[in-house]
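One structure below.
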Amino acid sequence: MSITKELLLFFPSSLLALCVYFYLAGLNRKRPNLPPGCGGWPLIGETFAYLKAHPATTSGRFMEHHIKRYGKIYRSNLFGEPTIVSADVGLNRFILQNEGRLFECSYPKSIGGILGKWSMLVLVGEMHQRMRMISLNFLSSARLRAVLLPEVERQTIMAIASWKDGAIFSAQEEAKKFTFNLMAKNIMSMEPGEAETEMLRREYITFMKGVVSAPLNFPGTPYWKALKSRSCILQMIEKKMEERKGRIGAEEADDLLGWALKQSSLSKEQVMDLLLSLLFAGHETSSMALALAIFFLQACPKALQQLREEHQNIARQKRERGDDEPLIWEDYKQMSFSQCVINETLRLGNVVRFVHRKAIQDVHYAGYDIPRGWKVLPVFAAVHLDRELYAEPHQFNPWRWQGCSPGVTSNFMGYGGGPRLCAGSELAKLEIAVFLHHLVLNFEWALAEPDSAFAYPYLDFPKGLPIKVQAIA
Ligand code: HEM
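What follows is the structure, encoded as structure tokens:
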């Protein structure tokens, strides 16, 4: 027999054997029971439909449609990866609590490119722990009482003092300026209104546009401009670091830069990314929460009235201590209805709508398999707006938080959860409560034009939330 003939005889039979082998092996290995869903278009999957802008107080047509069709846990293809999307409160909690064991933080590469590889938002493992500890110490309750409360009040009074009776302005812009100035002060002791603070703010606005834009890095795109702004901001931080190092023997400033410089094991790049990520995490979120509170309150006179009474009582006690006395911790602790307003604002407005994770092990949950390496998106907004968990979920109802049933609080994940729970949640509550204190005591306000918040998925009021204020005599 010629070699060719032998090969012809050998190949079909061996091919058949191989096929049978793989078929049987396949039968033995259980196929993963993936949640229902569909992958959408090649490469882009369903990303554009998922990210389509929708009113912030809804979970969007895509989510609503997919939940109706597939249930609260479904599979999709998002951000170029096979993904499990969860609107299920149990799975969301399970994902957050198993950070580092079964799941890991996994933001798109473009975010890491712009926030920096040492940013707390993208770091995992031991390095994340170290950065987190520095941030938590910096934002400890002792500092909140002694340093941050007086500073927040000082900056609130400065912000509100510039509002004239009858003026019309963008409340979103004012909220952004306020929280930016506060973070610039806390991070690098920069004073509001000074030239370098304003320069930093301008660069930061360009930087932010890149964080939320498509990661197309060529001249002229928002992402490209943002990378340039990132370099400018880092140069400013570096200059501050050099100035500090030059002041040998001088007492270290009580700001985040001062704290980070004391951690001699951190490299210059690590300190710079830490500062930038805190500026980002602490500014965008609180400013939107504040703008949303201003928006929801003007539409709910009953809540505004109760809030005002709470702050009038506190102001009366303050006056009894003496004129122009600052707020003290005991005053802040009495702002219980304000805390209900803040919780309800975050539940209904959903400043952080979902977070990015990936499975680092094969995970089995509620009969479904989540394969290792798959992306997982716990969507908090869908849980917060779930009528099975919150009665009349689209209503702004701060009273639901008063003496609330355990479900109301335990289903709430506005600040995330588990080992990555927001490091600045207490500062955020303090900022919003103190700002509301001075706002409701000094002004009435109404929308100057109709506007409402949209999720792009980052939140924004398209017209900037224009309001007209009237000073209270
Ligand atoms: C209303 C305002 C705020 C909201 C809704 C909010 C929400 C969140 C959420 C949901 C996360 C978790 C992200 C994830 O798991 O991937 C987070 C993380 C974080 N937040 Fe906030 N945040 C707010 C204000 C602040 C403030 C004022 C600061 C700092 C000054 C801050 C600092 C951080 C940091 C450092 C992290 C990362 C924590 C870690 O990875 O360990 N946040 N925030």
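Quick note on the working numbering: the sequence shown kicks off at 187 and runs consecutively. Note that the Cβ used here is the ideal one computed from N, Cα and C, for glycine as well. As the structure is a prediction and not an experimental result, all values here were calculated from the model.
Considering only residues of the same chain and omitting the five flanking positions on each side of residue i, which have a CB-CB separation below 7 Å?
i, result
"residue 237", "643"
"residue 637", "647, 648, 649, 651, 652"
"residue 672", "There is simply no residue 672 to check, as the chain begins at 187 and stops at 659 in what is shown."
"residue 419", "386, 389, 390, 393, 462"
"residue 486", "582"
"residue 408", "395, 396, 399"
"residue 607", "601"
"residue 330", "612, 613, 616"
Identify, in the order they occur along the chain, each residue of the same chain with its Cβ nearer than 6 Å to the Cβ of residue i, setting aside the five sequence neighbours on each side.
i, result
"residue 361", "473, 476, 477"
"residue 324", "442, 445"
"residue 366", "387, 469"
"residue 459", "302, 304, 305"
"residue 511", "504"
"residue 358", "477, 647, 650, 651"
"residue 342", "620, 621, 624"
"residue 310", "290, 291"
"residue 457", "446"
"residue 584", "489, 526, 527, 530"
Quick check on this structure: which residue in the options has the alpha carbon closest to the alpha carbon of residue i?
i, options, result
"residue 651", "232, 271, 632", "632"
"residue 663", "522, 603, 350, 566", "It is not possible to answer for residue 663, since the shown part of the chain is limited to 187 through 659."
"residue 618", "304, 547, 525", "525"
"residue 397", "443, 551, 301, 538", "301"
"residue 244", "572, 589, 584", "572"
"residue 463", "321, 224, 624", "321"
"residue 423", "543, 408, 382", "382"
"residue 467", "306, 250, 254, 570", "306"
"residue 521", "508, 541, 492", "492"
"residue 602", "262, 315, 285", "285"
"residue 280", "550, 629, 630", "550"
In angstroms, rounded to a whole number, what distance separates the CA positions of residue i and residue j?
i, j, result
"residue 532", "residue 278", "17 Å"
"residue 131", "residue 319", "The chain is shown only over 187 to 659; residue 131 falls outside these bounds and no answer can be derived."
"residue 563", "residue 340", "39 Å"
"residue 220", "residue 616", "43 Å"
"residue 612", "residue 386", "25 Å"
"residue 657", "residue 519", "26 Å"
"residue 588", "residue 377", "38 Å"
"residue 289", "residue 577", "31 Å"
"residue 504", "residue 574", "43 Å"
"residue 528", "residue 432", "43 Å"
"residue 394", "residue 344", "25 Å"
"residue 545", "residue 555", "11 Å"
"residue 218", "residue 538", "31 Å"
"residue 404", "residue 298", "17 Å"
"residue 205", "residue 268", "Only weak support is given to the placement of residue 205: the predicted model assigns it a pLDDT of 47, under 50, and the value that follows is read from those uncertain coordinates. Taking the straight line from one Cα to the other gives about 28 Å."
"residue 334", "residue 622", "16 Å"
"residue 639", "residue 410", "27 Å"
"residue 484", "residue 317", "39 Å"
"residue 558", "residue 270", "11 Å"
"residue 294", "residue 508", "53 Å"
"residue 645", "residue 471", "9 Å"
"residue 634", "residue 282", "41 Å"
"residue 263", "residue 384", "41 Å"
"residue 425", "residue 453", "15 Å"
"residue 416", "residue 228", "33 Å"
Please go through the same chain and pick out, in chain order, the residues whose beta-carbon is closer than 8 Å to the beta-carbon of residue i, but skip the five residues on each side of it.
i, result
"residue 441", "371, 372, 373, 374, 375"
"residue 627", "494, 497, 498, 501, 658"
"residue 553", "219"
"residue 641", "239, 240, 241, 242, 246, 536, 539, 567"
"residue 273", "245, 249, 253, 258, 259, 565, 568, 569, 572"
"residue 412", "300, 392, 393, 394, 395, 396, 397, 399"
"residue 580", "243, 244, 534, 571"
Among all the DSSP beta bridges, which residues are the ones paired with residue i?
i, result
"residue 646", "640"
"residue 540", "565"
"residue 289", "285, 545"
"residue 633", "653"
"residue 356", "652"
"residue 223", "261"
"residue 373", "Answer is none; residue 373 lacks a bridge partner."
"residue 236", "Bridge partners of residue 236: none, in fact."
"residue 623", "None, per the DSSP bridge assignment."
"residue 556", "549"
"residue 231", "227"
With 8 Å set as the bound, which would you pick, yes or no: does the beta-carbon of residue i sit closer than that to a beta-carbon of chain C?
i, result
"residue 572", "The structure shown contains no chain C, having only a single protein chain."
Quick check for students: name the residue ranges of the alpha helix (DSSP H) that lie wholly in the stretch 572-611, counting only runs of 4 or more. 592-596
Could I get the ranges of all uninterrupted alpha helix (DSSP H) runs contained in the stretch 378-409, with 4 residues as the minimum, in chain order? 381-397
May I have a chain-ordered list of the alpha helix (DSSP H) segments no shorter than 4 residues that lie completely inside the stretch 238-283? 246-256, 275-283
Within the stretch 440-518, note down every full alpha helix (DSSP H) run reaching 4 residues or more, in order along the chain. 442-448, 454-484, 487-507
Please list the segments of the alpha helix (DSSP H) lying wholly inside the stretch 294-352, counting only runs of 4 or more residues, in order along the chain. 295-301, 311-324, 335-347
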